[in-house]
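K.L.:
My structure is below; once you've seen it, I'll send some questions.
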Amino acid sequence: MGDTMITINSIDVVYGDFQALFGVELHVDVAETVSIIGANGAGKSTLLRAICGLATVRSGSIVYRRDDLAGVPAHRRVSAGISMVPEGRRIFPSLTVEENLLVGAHTGRKGPWTKDAVLQTFPLLERLRKRNTDGLSGGERQTLAIGRALMANPDLLLLDEVSLGLAPVVVKQVYEAIPLVQAQGTTVVVVEQDVNQALSVCNRFYCLLEGRISLTGRPGDVPKEQITDAYFGLSSVEGGH
Ligand code: ATP
Numbered sequence: 364m365g366d367t368m369i370t371i372n373s374i375d376v377v378y379g380d381f382q383a384l385f386g387v388e389l390h391v392d393v394a395e396t397v398s399i400i401g402a403n404g405a406g407k408s409t410l411l412r413a414i415c416g417l418a419t420v421r422s423g424s425i426v427y428r429r430d431d432l433a434g435v436p437a438h439r440r441v442s443a444g445i446s447m448v449p450e451g452r453r454i455f456p457s458l459t460v461e462e463n464l465l466v467g468a469h470t471g472r473k474g475p476w477t478k479d480a481v482l483q484t485f486p487l488l489e490r491l492r493k494r495n496t497d498g499l500s501g502g503e504r505q506t507l508a509i510g511r512a513l514m515a516n517p518d519l520l521l522l523d524e525v526s527l528g529l530a531p532v533v534v535k536q537v538y539e540a541i542p543l544v545q546a547q548g549t550t551v552v553v554v555e556q557d558v559n560q561a562l563s564v565c566n567r568f569y570c571l572l573e574g575r576i577s578l579t580g581r582p583g584d585v586p587k588e589q590i591t592d593a594y595f596g597l598s599s600v601e602g603g604h
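In the numbering used here, the protein residues as written are 364 to 604.
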């Protein structure tokens, strides 16, 4: 891997008096897919929000390509190529599928993701193109949310718990899209509670435990047991198991 897309240098992130992240360090290379795994409340969404400029970074730094993002407002980060699909698949209910996609292109950034490219990558959306979004299933809404984020031609796509509330078969379909996105050169960060799903799509992963990185590596290189320990915080138990 060559250039680095984003480097996070020992950030502490706070919500008022509550500290959610402690000295978090990570990097994502250009065109890599990196998964962030961790239990409920471990700080995964907070990490994405910090990258987007939606959480308070008390110390440390986030460097996007060569630019320190300190003080850069969220909307400027979007126009610089950082797009997030937030938890909860927010889409515009009064618009059709196609109109929702077009809204995603408002940044005017050039790149591989035109409406046609998105519809080709997600045949499901092609079939639903003229439909109003009211009657869409959870999986269809999630796919649309990803398609809309791609329309901004992000260099860095952040996906927050895309599997939440979806049936396993639908989760599988949504995850099948990630390698297609990566194949276009888009760098992807996937936040996920479902460890198997997260590990199946990534080049590297980081595990968060109570606001700290507890493990990092490549999925094939790290024994499953070590990942489970890092996820649940069992590594400090004397003698292991
Ligand atoms: P989940 O899977 O539940 O989304 P997560 O790993 O994404 O979990 P975060 O949502 O980042 O975790 O939350 C990390 C910690 O920060 C939790 O203890 C949570 O209660 C707290 N937290 C999150 N958002 C806020 C907020 N707006 N104000 C105060 N505390 C918050």
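Even for Gly, the Cβ is constructed at its ideal location relative to N, Cα and C. These numbers were taken from a predicted model, which means no experiment stands behind them.
Would you check if there are 3 or more beta carbon pairs closer than 8 Å linking the region 475 to 488 to the region 449 to 467?
P.N.:
Flag = yes, the region 475 to 488 and the region 449 to 467 touch.
K.L.:
In terms of DSSP beta bridges, what is S398 paired with?
P.N.:
Your numbering for residue 398 matches position 35 in the sequence shown. Looking at the DSSP assignment, S398 forms a beta bridge with V553, F568.
K.L.:
May I have the straight-line CA-CA distance separating V387 from R494, to the nearest angstrom?
P.N.:
In the sequence shown, residue 387 corresponds to position 24, counting from 1. In the sequence shown, residue 494 corresponds to position 131, counting from 1. If I take the Cα positions, the gap works out to 43 Å.
K.L.:
With DSSP run on the structure shown, which of helix, strand or coil describes L384?
P.N.:
Here residue 384 refers to the residue found at position 21 when the sequence shown is read from its first residue. Here L384 sits in strand by DSSP.
K.L.:
At the level of alpha carbons, what is the spacing between A508 and L488?
P.N.:
In the sequence shown, counting from the first residue as 1, residue 508 sits at position 145. In the sequence shown, counting from the first residue as 1, residue 488 sits at position 125. Their Cα atoms are separated by approximately 11 Å.
K.L.:
Just to check my reading of the structure: S446 and I374 have Cβ atoms closer than 8 Å, yes? What is that Cβ distance to the nearest angstrom?
P.N.:
Indexing the sequence shown from 1 puts residue 446 at position 83. Indexing the sequence shown from 1 puts residue 374 at position 11. 20 Å between Cβ atoms; not a contact.
K.L.:
So which of L389, T396, L572 has the shortest CA-CA distance to L543?
P.N.:
By 1-based counting over the sequence shown, the position of residue 543 is 180. Per the Cα distances, T396.
K.L.:
Thinking C-beta only, is S408 closer than 9 Å to V554?
P.N.:
Taking the sequence shown and counting its residues from 1, one reaches residue 554 at position 191. Taking the sequence shown and counting its residues from 1, one reaches residue 408 at position 45. Their beta carbons are under 9 Å apart, which means V554 touches S408 by this criterion.
K.L.:
Return yes when at least one heavy atom of the ligand ATP lies under 8 Å from the C-beta of T579, else no.
P.N.:
The residue labelled residue 579 in the question sits at position 216 within the sequence shown. Checking the Cβ of T579 against the ligand ATP gives no.
K.L.:
Could you tell me the alpha carbon to alpha carbon distance between F381 and L482, rounded to whole angstroms?
P.N.:
By 1-based counting over the sequence shown, the position of residue 381 is 18. By 1-based counting over the sequence shown, the position of residue 482 is 119. The alpha-carbon atoms of F381 and L482 are separated by roughly 42 Å.
K.L.:
Closer than 8 Å: is that where the CB of G528 sits relative to any heavy atom of the ligand ATP?
P.N.:
The count along the sequence shown starts at 1 and reaches residue 528 at position 165. No, the ligand ATP has no heavy atom inside 8 Å of this Cβ.
K.L.:
R421 by DSSP, collapsed to three states: which one?
P.N.:
By one-based count along the sequence shown, residue 421 stands at place 58. R421 falls in the strand class under three-state DSSP.
K.L.:
If you drop the 5 nearest sequence neighbours on each side, which residues of the same chain put their C-beta closer than 6 Å to that of L521?
P.N.:
As a working mapping, residue 521 is identified with position 158 in the sequence shown. Hits under 6 Å: L411, M447, V552.
K.L.:
Among residues of its own chain, excluding the 5 on either side of T549, which ones have a beta-carbon nearer than 6 Å to its beta-carbon?
P.N.:
Reading the sequence shown from its first residue, position 186 is the one you call residue 549. Excluding residues within five positions, the ones whose Cβ falls inside 6 Å are L520.
K.L.:
Hey, out of L578, G583, R504, whose CA is closest to G528's CA?
P.N.:
Against the sequence shown, residue 528 aligns to sequence position 165. If we check each option's Cα against that of G528, R504 comes out closest.
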